[in-house]
Amino acid sequence: MKRSLLLALLVLAVIAAPALTVTRAADVTIHVLTMDQAAMTTDEMDAVASEFEAANPGVTVEMEYIAYDNLHDKFVTAMATNPPPYDVVMVDVVWYDEFINAGYIADVTDMVNTGIPDKDKIFPTAWNVVTRNGKAYGLPWLLDTKYLYYNIDLLKQAGFDAPPATWEELVTQAKAIKDKGLVEYPIVWSWAQAEAAICDFTALLYGNGGSYLDSDGKAVFNDEKGVATLDWMVKSIDDGLTNPASITDLEEDVRNVFSSGKAAFALNWLYMYDKANFDQNESTITGKVGLTTIPVFGSAKLSDKSASVDGSSGFSIAANSPNQQVAFDFIKFLTSEPIQMKYSAHQLPIWSTSYEGDNLKTLESFSASGPVAVPMFKDQFSFAHVRPTVSYYLEASKALQLALQEALTKQKTPKEALDAAAAKWAELAGK
1334 MKRSLLLALL
1344 VLAVIAAPAL
1354 TVTRAADVTI
1364 HVLTMDQAAM
1374 TTDEMDAVAS
1384 EFEAANPGVT
1394 VEMEYIAYDN
1404 LHDKFVTAMA
1414 TNPPPYDVVM
1424 VDVVWYDEFI
1434 NAGYIADVTD
1444 MVNTGIPDKD
1454 KIFPTAWNVV
1464 TRNGKAYGLP
1474 WLLDTKYLYY
1484 NIDLLKQAGF
1494 DAPPATWEEL
1504 VTQAKAIKDK
1514 GLVEYPIVWS
1524 WAQAEAAICD
1534 FTALLYGNGG
1544 SYLDSDGKAV
1554 FNDEKGVATL
1564 DWMVKSIDDG
1574 LTNPASITDL
1584 EEDVRNVFSS
1594 GKAAFALNWL
1604 YMYDKANFDQ
1614 NESTITGKVG
1624 LTTIPVFGSA
1634 KLSDKSASVD
1644 GSSGFSIAAN
1654 SPNQQVAFDF
1664 IKFLTSEPIQ
1674 MKYSAHQLPI
1684 WSTSYEGDNL
1694 KTLESFSASG
1704 PVAVPMFKDQ
1714 FSFAHVRPTV
1724 SYYLEASKAL
1734 QLALQEALTK
1744 QKTPKEALDA
1754 AAAKWAELAG
1764 K
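Below is the structure:
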(Lines of atoms letter the chains of each structure in order from A and count residues from 1; the text may use other names and numbers.)
(Lines give C-alpha, C1' and ligand atoms only; values in the text may rest on other atoms or scores of the structure.)
Protein backbone atom coordinates (compact mmCIF):
# COMPACT_ATOMS: atom_id res chain seq x y z
CA MET A 1 0.00 0.00 0.00
CA LYS A 2 2.77 2.39 1.01
CA ARG A 3 4.85 1.31 -1.99
CA SER A 4 1.93 1.95 -4.34
CA LEU A 5 1.40 5.36 -2.79
CA LEU A 6 5.08 6.20 -3.24
CA LEU A 7 4.98 5.18 -6.89
CA ALA A 8 1.87 7.25 -7.39
CA LEU A 9 3.58 10.27 -5.86
CA LEU A 10 6.62 9.79 -8.10
CA VAL A 11 4.39 9.64 -11.16
CA LEU A 12 2.64 12.82 -10.08
CA ALA A 13 6.01 14.49 -9.56
CA VAL A 14 7.12 13.59 -13.09
CA ILE A 15 3.84 14.82 -14.53
CA ALA A 16 4.10 18.04 -12.52
CA ALA A 17 7.74 18.71 -13.49
CA PRO A 18 6.96 20.26 -16.91
CA ALA A 19 4.79 22.83 -15.14
CA LEU A 20 7.90 24.20 -13.42
CA THR A 21 9.61 24.48 -16.79
CA VAL A 22 6.61 26.27 -18.24
CA THR A 23 6.67 28.74 -15.36
CA ARG A 24 10.32 29.49 -15.96
CA ALA A 25 9.75 29.71 -19.70
CA ALA A 26 7.09 32.30 -18.99
CA ASP A 27 9.61 34.49 -17.16
CA VAL A 28 10.11 37.66 -19.14
CA THR A 29 12.49 40.60 -19.19
CA ILE A 30 11.34 43.94 -20.51
CA HIS A 31 13.75 46.68 -21.49
CA VAL A 32 12.86 50.31 -20.80
CA LEU A 33 14.55 53.32 -22.41
CA THR A 34 14.05 56.67 -20.71
CA MET A 35 15.81 59.93 -19.95
CA ASP A 36 18.18 60.87 -17.17
CA GLN A 37 17.35 64.52 -16.64
CA ALA A 38 14.03 65.96 -15.51
CA ALA A 39 11.10 64.28 -13.74
CA MET A 40 11.69 61.24 -11.53
CA THR A 41 15.32 60.54 -10.70
CA THR A 42 17.03 57.35 -11.83
CA ASP A 43 16.98 56.10 -8.22
CA GLU A 44 13.22 56.68 -8.08
CA MET A 45 12.68 54.93 -11.41
CA ASP A 46 14.78 51.99 -10.24
CA ALA A 47 12.68 51.81 -7.08
CA VAL A 48 9.47 51.70 -9.13
CA ALA A 49 10.92 48.93 -11.30
CA SER A 50 11.82 46.94 -8.17
CA GLU A 51 8.32 47.38 -6.77
CA PHE A 52 6.83 46.12 -10.03
CA GLU A 53 9.15 43.10 -10.04
CA ALA A 54 8.20 42.27 -6.45
CA ALA A 55 4.51 42.38 -7.37
CA ASN A 56 5.06 40.33 -10.53
CA PRO A 57 7.30 37.30 -9.88
CA GLY A 58 9.04 36.14 -13.01
CA VAL A 59 9.22 39.62 -14.53
CA THR A 60 12.49 41.55 -14.74
CA VAL A 61 12.62 45.21 -15.69
CA GLU A 62 15.88 46.43 -17.19
CA MET A 63 16.10 50.23 -17.06
CA GLU A 64 18.38 52.18 -19.40
CA TYR A 65 18.89 55.90 -18.90
CA ILE A 66 20.18 58.33 -21.48
CA ALA A 67 20.44 62.09 -21.87
CA TYR A 68 17.20 63.55 -23.21
CA ASP A 69 18.93 64.97 -26.29
CA ASN A 70 20.06 61.48 -27.35
CA LEU A 71 16.85 59.64 -26.54
CA HIS A 72 14.96 60.21 -29.79
CA ASP A 73 17.73 59.06 -32.11
CA LYS A 74 18.67 56.06 -29.99
CA PHE A 75 15.12 54.72 -30.10
CA VAL A 76 14.73 55.39 -33.83
CA THR A 77 17.97 53.52 -34.52
CA ALA A 78 16.86 50.65 -32.28
CA MET A 79 13.62 50.26 -34.23
CA ALA A 80 15.60 49.02 -37.23
CA THR A 81 15.96 45.73 -35.32
CA ASN A 82 13.13 43.20 -35.17
CA PRO A 83 12.35 42.51 -32.41
CA PRO A 84 13.66 45.82 -31.08
CA PRO A 85 16.01 45.92 -28.08
CA TYR A 86 13.48 48.01 -26.14
CA ASP A 87 9.93 47.17 -25.16
CA VAL A 88 9.10 50.50 -23.54
CA VAL A 89 10.26 54.02 -24.36
CA MET A 90 9.62 57.49 -23.00
CA VAL A 91 8.21 59.69 -25.77
CA ASP A 92 8.20 63.49 -25.79
CA VAL A 93 4.86 65.04 -26.73
CA VAL A 94 6.41 66.40 -29.94
CA TRP A 95 7.65 62.98 -31.10
CA TYR A 96 4.33 61.18 -31.11
CA ASP A 97 3.21 62.14 -34.60
CA GLU A 98 6.52 61.05 -36.09
CA PHE A 99 6.62 57.74 -34.19
CA ILE A 100 2.99 56.93 -35.00
CA ASN A 101 3.43 57.65 -38.71
CA ALA A 102 6.59 55.55 -38.80
CA GLY A 103 4.87 52.63 -37.07
CA TYR A 104 7.34 52.64 -34.19
CA ILE A 105 4.87 52.50 -31.29
CA ALA A 106 1.86 50.33 -30.59
CA ASP A 107 -1.78 51.34 -30.52
CA VAL A 108 -2.82 50.49 -26.96
CA THR A 109 -6.39 51.79 -27.13
CA ASP A 110 -7.94 48.41 -26.32
CA MET A 111 -5.54 47.84 -23.42
CA VAL A 112 -6.41 51.27 -22.03
CA ASN A 113 -10.15 50.70 -22.34
CA THR A 114 -10.04 47.32 -20.62
CA GLY A 115 -7.12 47.87 -18.25
CA ILE A 116 -7.72 51.36 -16.87
CA PRO A 117 -11.37 51.63 -15.83
CA ASP A 118 -10.74 54.93 -14.03
CA LYS A 119 -9.00 56.57 -16.99
CA ASP A 120 -11.42 59.51 -16.83
CA LYS A 121 -9.70 60.58 -13.61
CA ILE A 122 -6.58 61.41 -15.62
CA PHE A 123 -6.42 65.02 -16.84
CA PRO A 124 -7.71 65.37 -20.43
CA THR A 125 -4.58 67.41 -21.20
CA ALA A 126 -2.54 64.37 -20.19
CA TRP A 127 -4.41 62.10 -22.59
CA ASN A 128 -3.78 64.68 -25.34
CA VAL A 129 -0.07 63.90 -25.03
CA VAL A 130 -0.45 60.28 -26.21
CA THR A 131 -3.69 60.35 -28.21
CA ARG A 132 -4.05 60.97 -31.92
CA ASN A 133 -7.31 60.61 -33.88
CA GLY A 134 -9.03 58.99 -30.93
CA LYS A 135 -6.39 56.29 -30.47
CA ALA A 136 -4.02 55.96 -27.53
CA TYR A 137 -0.39 55.23 -28.34
CA GLY A 138 0.84 55.04 -24.79
CA LEU A 139 0.04 56.26 -21.31
CA PRO A 140 0.68 59.82 -20.17
CA TRP A 141 3.41 59.98 -17.56
CA LEU A 142 4.75 63.48 -17.12
CA LEU A 143 2.89 66.76 -17.19
CA ASP A 144 5.60 69.37 -17.02
CA THR A 145 6.16 72.99 -17.85
CA LYS A 146 8.89 75.53 -17.28
CA TYR A 147 8.84 78.03 -14.43
CA LEU A 148 10.70 81.20 -13.53
CA TYR A 149 13.20 80.56 -10.75
CA TYR A 150 14.63 83.46 -8.81
CA ASN A 151 17.14 83.94 -6.02
CA ILE A 152 15.18 85.52 -3.16
CA ASP A 153 18.27 86.92 -1.42
CA LEU A 154 19.66 88.57 -4.55
CA LEU A 155 16.34 90.27 -5.26
CA LYS A 156 16.12 91.55 -1.68
CA GLN A 157 19.68 92.85 -1.76
CA ALA A 158 18.79 94.76 -4.92
CA GLY A 159 15.70 96.24 -3.25
CA PHE A 160 12.96 94.02 -4.68
CA ASP A 161 10.37 92.23 -2.54
CA ALA A 162 8.59 90.39 -5.35
CA PRO A 163 9.58 88.61 -8.56
CA PRO A 164 8.89 90.29 -11.92
CA ALA A 165 5.45 90.03 -13.52
CA THR A 166 6.68 91.09 -16.98
CA TRP A 167 9.88 90.63 -18.92
CA GLU A 168 10.39 94.39 -18.78
CA GLU A 169 10.33 94.21 -14.98
CA LEU A 170 12.77 91.31 -15.06
CA VAL A 171 15.21 93.38 -17.12
CA THR A 172 14.90 96.24 -14.62
CA GLN A 173 15.59 93.91 -11.71
CA ALA A 174 18.46 92.21 -13.52
CA LYS A 175 20.11 95.56 -14.27
CA ALA A 176 19.84 96.59 -10.62
CA ILE A 177 21.37 93.30 -9.49
CA LYS A 178 24.21 93.68 -11.99
CA ASP A 179 24.82 97.35 -11.15
CA LYS A 180 25.17 96.48 -7.46
CA GLY A 181 27.78 93.87 -8.36
CA LEU A 182 25.80 91.05 -6.80
CA VAL A 183 26.40 88.74 -9.79
CA GLU A 184 28.09 89.39 -13.11
CA TYR A 185 25.33 87.89 -15.24
CA PRO A 186 21.90 87.89 -13.56
CA ILE A 187 20.14 85.59 -16.08
CA VAL A 188 21.05 82.12 -17.31
CA TRP A 189 19.27 80.24 -20.09
CA SER A 190 19.45 76.89 -21.91
CA TRP A 191 20.11 78.34 -25.38
CA ALA A 192 22.44 75.69 -26.76
CA GLN A 193 21.66 74.45 -30.26
CA ALA A 194 19.22 71.87 -28.93
CA GLU A 195 15.56 71.37 -28.08
CA ALA A 196 16.13 73.22 -24.82
CA ALA A 197 16.47 76.49 -26.74
CA ILE A 198 13.17 75.84 -28.51
CA CYS A 199 11.47 75.42 -25.14
CA ASP A 200 12.75 78.78 -23.90
CA PHE A 201 11.91 80.47 -27.20
CA THR A 202 8.38 79.06 -27.00
CA ALA A 203 7.76 80.75 -23.65
CA LEU A 204 9.17 84.04 -24.91
CA LEU A 205 7.41 83.90 -28.29
CA TYR A 206 3.94 83.23 -26.88
CA GLY A 207 4.61 85.71 -24.09
CA ASN A 208 5.08 88.32 -26.80
CA GLY A 209 1.82 87.46 -28.54
CA GLY A 210 3.50 85.32 -31.18
CA SER A 211 2.89 81.79 -32.45
CA TYR A 212 4.60 79.08 -34.47
CA LEU A 213 1.84 78.32 -36.97
CA ASP A 214 -1.27 80.08 -38.22
CA SER A 215 -4.66 78.40 -38.59
CA ASP A 216 -3.58 77.01 -41.98
CA GLY A 217 -0.42 75.44 -40.60
CA LYS A 218 1.89 78.05 -42.11
CA ALA A 219 4.99 79.04 -40.16
CA VAL A 220 4.58 82.56 -38.78
CA PHE A 221 7.27 82.74 -36.09
CA ASN A 222 9.26 85.01 -38.41
CA ASP A 223 6.67 87.78 -38.21
CA GLU A 224 7.16 91.04 -36.33
CA LYS A 225 6.47 89.44 -32.95
CA GLY A 226 8.85 86.56 -33.53
CA VAL A 227 11.65 88.82 -34.73
CA ALA A 228 11.14 91.16 -31.77
CA THR A 229 11.37 88.18 -29.42
CA LEU A 230 14.67 87.00 -30.86
CA ASP A 231 15.94 90.60 -30.90
CA TRP A 232 15.23 90.74 -27.17
CA MET A 233 17.20 87.53 -26.60
CA VAL A 234 20.21 88.88 -28.49
CA LYS A 235 20.05 92.22 -26.69
CA SER A 236 19.99 90.53 -23.28
CA ILE A 237 23.41 89.07 -24.10
CA ASP A 238 24.71 92.35 -25.54
CA ASP A 239 23.63 94.21 -22.40
CA GLY A 240 25.49 91.80 -20.16
CA LEU A 241 22.34 90.56 -18.44
CA THR A 242 22.32 87.05 -19.90
CA ASN A 243 25.30 84.83 -19.17
CA PRO A 244 27.08 84.45 -22.54
CA ALA A 245 27.64 80.76 -21.77
CA SER A 246 23.88 80.35 -22.19
CA ILE A 247 24.38 79.82 -25.93
CA THR A 248 26.05 76.49 -25.12
CA ASP A 249 24.07 75.62 -21.99
CA LEU A 250 21.41 72.93 -21.52
CA GLU A 251 18.97 72.68 -18.60
CA GLU A 252 21.41 70.87 -16.32
CA ASP A 253 23.98 73.62 -16.93
CA VAL A 254 21.32 76.16 -16.00
CA ARG A 255 20.58 74.24 -12.81
CA ASN A 256 24.25 74.13 -11.85
CA VAL A 257 24.82 77.86 -12.46
CA PHE A 258 21.68 78.91 -10.62
CA SER A 259 22.22 76.47 -7.75
CA SER A 260 25.70 77.87 -7.16
CA GLY A 261 24.27 81.37 -6.64
CA LYS A 262 25.74 82.77 -9.85
CA ALA A 263 22.40 83.83 -11.37
CA ALA A 264 19.33 85.62 -10.09
CA PHE A 265 16.92 84.27 -12.70
CA ALA A 266 16.51 81.06 -14.67
CA LEU A 267 13.89 79.09 -16.56
CA ASN A 268 13.71 75.37 -15.90
CA TRP A 269 11.43 72.42 -15.32
CA LEU A 270 9.91 71.53 -11.96
CA TYR A 271 12.61 69.03 -11.01
CA MET A 272 15.06 71.87 -10.32
CA TYR A 273 13.04 73.25 -7.41
CA ASP A 274 13.57 70.30 -5.10
CA LYS A 275 17.25 70.04 -5.98
CA ALA A 276 18.04 73.76 -5.83
CA ASN A 277 16.03 74.67 -2.75
CA PHE A 278 16.27 71.58 -0.54
CA ASP A 279 19.25 69.43 -1.53
CA GLN A 280 22.45 70.73 0.05
CA ASN A 281 24.46 68.22 -1.96
CA GLU A 282 23.22 69.88 -5.14
CA SER A 283 22.90 73.54 -4.15
CA THR A 284 24.57 76.33 -2.19
CA ILE A 285 21.37 78.41 -2.06
CA THR A 286 18.95 76.06 -0.31
CA GLY A 287 16.06 77.91 1.27
CA LYS A 288 16.62 80.91 -0.99
CA VAL A 289 14.93 79.74 -4.19
CA GLY A 290 11.71 81.33 -5.37
CA LEU A 291 9.37 79.71 -7.88
CA THR A 292 6.83 81.67 -9.89
CA THR A 293 5.02 81.82 -13.21
CA ILE A 294 6.99 82.90 -16.27
CA PRO A 295 6.33 86.55 -17.18
CA VAL A 296 4.94 87.93 -20.42
CA PHE A 297 5.99 91.08 -22.24
CA GLY A 298 4.01 94.00 -20.90
CA SER A 299 4.21 95.65 -24.31
CA ALA A 300 2.26 92.75 -25.83
CA LYS A 301 -0.76 93.61 -23.64
CA LEU A 302 -1.90 90.01 -23.42
CA SER A 303 -4.91 88.84 -21.46
CA ASP A 304 -2.83 85.98 -20.02
CA LYS A 305 -0.48 86.73 -17.15
CA SER A 306 2.01 84.06 -18.17
CA ALA A 307 3.30 81.96 -21.06
CA SER A 308 5.30 78.78 -20.74
CA VAL A 309 6.03 75.61 -22.71
CA ASP A 310 4.48 72.17 -22.43
CA GLY A 311 7.21 69.62 -21.75
CA SER A 312 4.96 66.64 -21.19
CA SER A 313 5.71 63.06 -22.19
CA GLY A 314 4.32 59.56 -22.10
CA PHE A 315 5.53 55.98 -22.06
CA SER A 316 4.83 53.87 -25.12
CA ILE A 317 5.38 50.30 -26.26
CA ALA A 318 7.54 49.39 -29.23
CA ALA A 319 5.25 48.16 -32.00
CA ASN A 320 7.25 44.96 -32.54
CA SER A 321 7.85 44.17 -28.88
CA PRO A 322 7.10 40.49 -28.14
CA ASN A 323 6.18 41.45 -24.57
CA GLN A 324 3.43 43.99 -25.13
CA GLN A 325 1.10 42.92 -22.32
CA VAL A 326 3.85 42.89 -19.69
CA ALA A 327 5.13 46.19 -21.08
CA PHE A 328 1.66 47.69 -20.75
CA ASP A 329 1.32 46.33 -17.22
CA PHE A 330 4.57 48.08 -16.32
CA ILE A 331 3.65 51.48 -17.73
CA LYS A 332 0.22 51.16 -16.12
CA PHE A 333 1.98 50.59 -12.78
CA LEU A 334 4.48 53.41 -13.40
CA THR A 335 1.73 55.92 -14.20
CA SER A 336 -0.71 54.77 -11.51
CA GLU A 337 -1.92 57.32 -9.00
CA PRO A 338 -0.34 55.72 -5.90
CA ILE A 339 3.08 55.53 -7.57
CA GLN A 340 2.84 59.05 -8.98
CA MET A 341 1.91 60.46 -5.59
CA LYS A 342 4.61 58.50 -3.79
CA TYR A 343 7.33 59.74 -6.15
CA SER A 344 6.16 63.33 -6.54
CA ALA A 345 9.26 65.22 -5.39
CA HIS A 346 10.42 65.91 -8.96
CA GLN A 347 7.22 65.55 -10.99
CA LEU A 348 3.53 65.81 -10.16
CA PRO A 349 0.69 63.36 -10.90
CA ILE A 350 -1.35 63.22 -14.08
CA TRP A 351 -4.42 62.31 -12.00
CA SER A 352 -6.98 65.04 -11.31
CA THR A 353 -8.02 63.21 -8.14
CA SER A 354 -4.53 63.72 -6.70
CA TYR A 355 -5.34 67.40 -6.30
CA GLU A 356 -8.65 66.95 -4.49
CA GLY A 357 -9.56 66.78 -0.80
CA ASP A 358 -7.31 64.70 1.43
CA ASN A 359 -5.30 63.56 -1.59
CA LEU A 360 -4.09 67.13 -2.08
CA LYS A 361 -2.88 67.35 1.51
CA THR A 362 -1.15 64.00 1.13
CA LEU A 363 0.45 65.05 -2.15
CA GLU A 364 1.81 68.25 -0.65
CA SER A 365 3.28 66.28 2.25
CA PHE A 366 5.23 63.75 0.17
CA SER A 367 8.18 66.10 -0.35
CA ALA A 368 9.58 69.34 1.03
CA SER A 369 8.83 71.02 -2.30
CA GLY A 370 5.17 69.98 -2.30
CA PRO A 371 3.54 72.95 -0.52
CA VAL A 372 4.98 75.35 -3.13
CA ALA A 373 5.33 73.13 -6.20
CA VAL A 374 1.81 71.70 -6.21
CA PRO A 375 -0.15 74.99 -6.32
CA MET A 376 2.45 76.52 -8.65
CA PHE A 377 2.03 73.62 -11.08
CA LYS A 378 -1.72 74.12 -11.17
CA ASP A 379 -1.16 77.82 -11.91
CA GLN A 380 1.64 77.58 -14.48
CA PHE A 381 0.50 74.56 -16.50
CA SER A 382 -2.66 76.35 -17.58
CA PHE A 383 -0.42 78.77 -19.51
CA ALA A 384 1.77 76.10 -21.15
CA HIS A 385 1.96 76.17 -24.94
CA VAL A 386 2.56 73.03 -26.99
CA ARG A 387 5.26 73.03 -29.63
CA PRO A 388 3.82 72.06 -33.03
CA THR A 389 2.60 68.46 -33.07
CA VAL A 390 3.51 67.72 -36.69
CA SER A 391 5.13 64.65 -38.19
CA TYR A 392 8.10 66.69 -39.42
CA TYR A 393 8.74 68.33 -36.05
CA LEU A 394 12.23 66.91 -35.52
CA GLU A 395 13.61 68.48 -38.71
CA ALA A 396 11.61 71.65 -38.15
CA SER A 397 13.02 71.98 -34.66
CA LYS A 398 16.57 71.51 -35.91
CA ALA A 399 16.04 74.29 -38.44
CA LEU A 400 14.81 76.65 -35.74
CA GLN A 401 17.58 75.61 -33.35
CA LEU A 402 20.08 76.60 -36.04
CA ALA A 403 18.30 79.91 -36.63
CA LEU A 404 18.37 80.81 -32.95
CA GLN A 405 22.04 79.91 -32.70
CA GLU A 406 22.93 81.93 -35.80
CA ALA A 407 21.18 85.00 -34.40
CA LEU A 408 22.58 84.63 -30.88
CA THR A 409 26.12 84.30 -32.26
CA LYS A 410 25.64 87.22 -34.70
CA GLN A 411 26.06 85.11 -37.83
CA LYS A 412 22.70 86.41 -39.05
CA THR A 413 20.21 89.03 -37.98
CA PRO A 414 17.16 87.71 -36.16
CA LYS A 415 15.02 88.46 -39.22
CA GLU A 416 17.37 86.63 -41.60
CA ALA A 417 17.67 83.64 -39.30
CA LEU A 418 13.93 83.25 -38.69
CA ASP A 419 13.07 83.76 -42.36
CA ALA A 420 15.42 80.91 -43.29
CA ALA A 421 13.89 78.65 -40.65
CA ALA A 422 10.34 79.49 -41.74
CA ALA A 423 11.25 78.65 -45.34
CA LYS A 424 12.57 75.27 -44.19
CA TRP A 425 9.35 74.61 -42.26
CA ALA A 426 7.32 75.40 -45.39
CA GLU A 427 9.47 72.98 -47.38
CA LEU A 428 9.00 70.23 -44.79
CA ALA A 429 5.26 70.79 -44.67
CA GLY A 430 5.00 70.84 -48.45
CA LYS A 431 3.46 74.31 -48.38
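Heads up, the sequence shown is in this note's numbering, so the first residue is 1334 and it goes up one at a time.
Backbone N, C-alpha and C define an ideal beta-carbon position, used for all residues, glycine too.
Three-state secondary structure assigned by DSSP to residue i
i: Trp-1717; result: Reading off the sequence shown, one finds Ala at residue 1717, where the question assumed Trp. Reduced to three states, the DSSP call for Ala-1717 is strand.
i: Trp-1474; result: strand
i: Trp-1460; result: helix
i: His-1405; result: helix
i: Leu-1481; result: strand
i: Lys-1468; result: strand
i: Pro-1418; result: coil
i: Ala-1491; result: coil
i: Ile-1627; result: coil
i: Ile-1650; result: strand
i: Leu-1751; result: helix
i: Thr-1367; result: strand
i: Thr-1410; result: helix
i: Ile-1455; result: strand
i: Glu-1397; result: strand
i: Thr-1375; result: helix
i: Ile-1520; result: strand
i: Val-1441; result: coil
i: Leu-1425; result: Per the sequence shown, residue 1425 should be read as Asp rather than Leu. Note: Asp-1425 maps to strand in three-state DSSP.
i: Val-1504; result: helix
i: Thr-1619; result: coil
i: Val-1381; result: helix
i: Thr-1447; result: helix
i: Thr-1535; result: helix
Nearest residue (CA-CA) to residue i, options the options
i: Ser-1649; options: Val-1424, His-1405, Ser-1632, Thr-1393; result: Val-1424
i: Met-1605; options: Asp-1360, Thr-1367, Ala-1371; result: Ala-1371
i: Glu-1501; options: Pro-1417, Lys-1675, Asp-1752, Ala-1633; result: Ala-1633
i: Glu-1760; options: Pro-1457, Leu-1538, Gly-1550, Ser-1569; result: Gly-1550
i: Leu-1537; options: Pro-1417, Gly-1631, Glu-1584; result: Gly-1631
i: Ala-1753; options: Met-1444, Tyr-1419, Val-1560; result: Val-1560
i: Phe-1385; options: Thr-1464, Leu-1693, Val-1659; result: Val-1659
i: Arg-1588; options: Asp-1637, Ser-1523, Ala-1652; result: Ser-1523
i: Ile-1570; options: Lys-1508, Lys-1454, Leu-1727, Thr-1362; result: Lys-1508
i: Ala-1459; options: Gln-1744, Val-1719, Ser-1724, Lys-1568; result: Val-1719
i: Phe-1714; options: Asp-1643, Met-1674, Trp-1758; result: Asp-1643
i: Pro-1457; options: Val-1381, Pro-1682, Glu-1395; result: Pro-1682
i: Asn-1541; options: Ser-1636, Ser-1700, Pro-1390; result: Ser-1636
i: Val-1394; options: Gly-1763, Asp-1662, Ser-1593, Ile-1449; result: Asp-1662
i: Ser-1654; options: Lys-1731, Met-1368, Leu-1475, Pro-1416; result: Pro-1416
i: Asp-1420; options: Ser-1730, Tyr-1429, Phe-1408, Glu-1431; result: Phe-1408
Nearest-angstrom beta carbon gap, residue j and residue i [assumed within contact, 8 angstroms]
i: Gly-1471; j: Gly-1647; result: 4 angstroms
i: Met-1747; j: Asp-1564; result: The amino acid at residue 1747 is misidentified as Met; the sequence shows Pro. Correct: roughly 5 angstroms between the Cβ atoms.
i: Asp-1486; j: Lys-1621; result: 5 angstroms
i: Lys-1513; j: Ala-1491; result: 6 angstroms
i: Val-1766; j: Leu-1574; result: Residue coverage of the chain in this structure runs from 1334 to 1764, which leaves residue 1766 outside it and unanswerable.
i: Val-1427; j: Thr-1722; result: 6 angstroms
**Report entry** Length-filtered (4 minimum) alpha helix (DSSP H) runs lying within the stretch 1541–1608
**Finding:** 1557–1571, 1584–1592
Query raised in the report: Quick check: the stretch 1506–1522 against the stretch 1567–1578, are there 3 or more CB pairs under 8 angstroms?
Result: The stretch 1506–1522 makes contact with the stretch 1567–1578, as at least three CB pairs between them are under 8 angstroms.
Query raised in the report: Which residue spans inside the stretch 1629–1717 form an unbroken alpha helix (DSSP H) run of at least 4?
Result: 1657–1667, 1670–1675, 1690–1698, 1703–1713
Query raised in the report: Does the stretch 1735–1746 come close enough to the stretch 1423–1442 that 3 or more CB-CB pairs lie under 8 angstroms?
Result: no
Query raised in the report: Is the stretch 1474–1492 close to the stretch 1590–1606, with three or more CB pairs under 8 angstroms?
Result: yes
**Report entry** Sufficient close CB pairs (3 or more, under 8 angstroms) joining the stretch 1699–1712 to the stretch 1670–1682
**Finding:** yes
Query - Inter-stretch contact at 8 angstroms, needing at least 3 Cβ pairs: the stretch 1399–1411 / the stretch 1687–1699 - result: no
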